[in-house]
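Enquirer:
Numbering (my numbering), first residue to last: 27 to 108.
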């Protein structure tokens, strides 16, 4: 993650489209889309990946929410380096 944060092209935009909380109020999830931009190490050019994500949250004793699981998948492979 340190390398990603050092990348001047690195950016991540999450767009939640659904948020649900369990009846018990202790678990929840968000699902949506994302856009990730980063520098391709081979070409040194910025590349963008779009995809979908799901994040599961657990409510902590202090009332805050903690992400306990996250999964994402790209809509299509990233463009080839030129």
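Note that the Cβ used here is the ideal one computed from N, Cα and C, for glycine as well.
1) So residue 55 packs on residue 80, CB below 8 Å; how close in whole Å?
2) Hey, residue 92 and residue 86: beta-carbon distance below 9 Å or not?
3) Given a cut-off of 9 Å on the beta-carbon distance, is the pair residue 78 and residue 57 in contact?
4) With residue 33 and residue 65 assumed to form a contact (beta carbons below 8 Å), what rounded beta-carbon distance in angstroms separates them?
5) Starting from residue 34, follow the beta strand (DSSP E) in both directions and report where the run begins and ends.
6) Less than 9 Å between the beta carbons of residue 38 and residue 47, yes or no?
Expert: In short:
1) For residue 55 against residue 80, the beta-carbon gap comes to about 6 Å, under 8 Å, which counts as contact.
2) Yes.
3) The answer is yes: Cβ separation under 9 Å.
4) The C-beta distance from residue 33 to residue 65 rounds to 5 Å, short enough to meet the 8 Å contact threshold.
5) Taken as a continuous stretch (DSSP letters only), residue 34 belongs to no beta strand (DSSP E), as it is neither H nor E.
6) Going by C-beta atoms, residue 38 is not nearer than 9 Å to residue 47.
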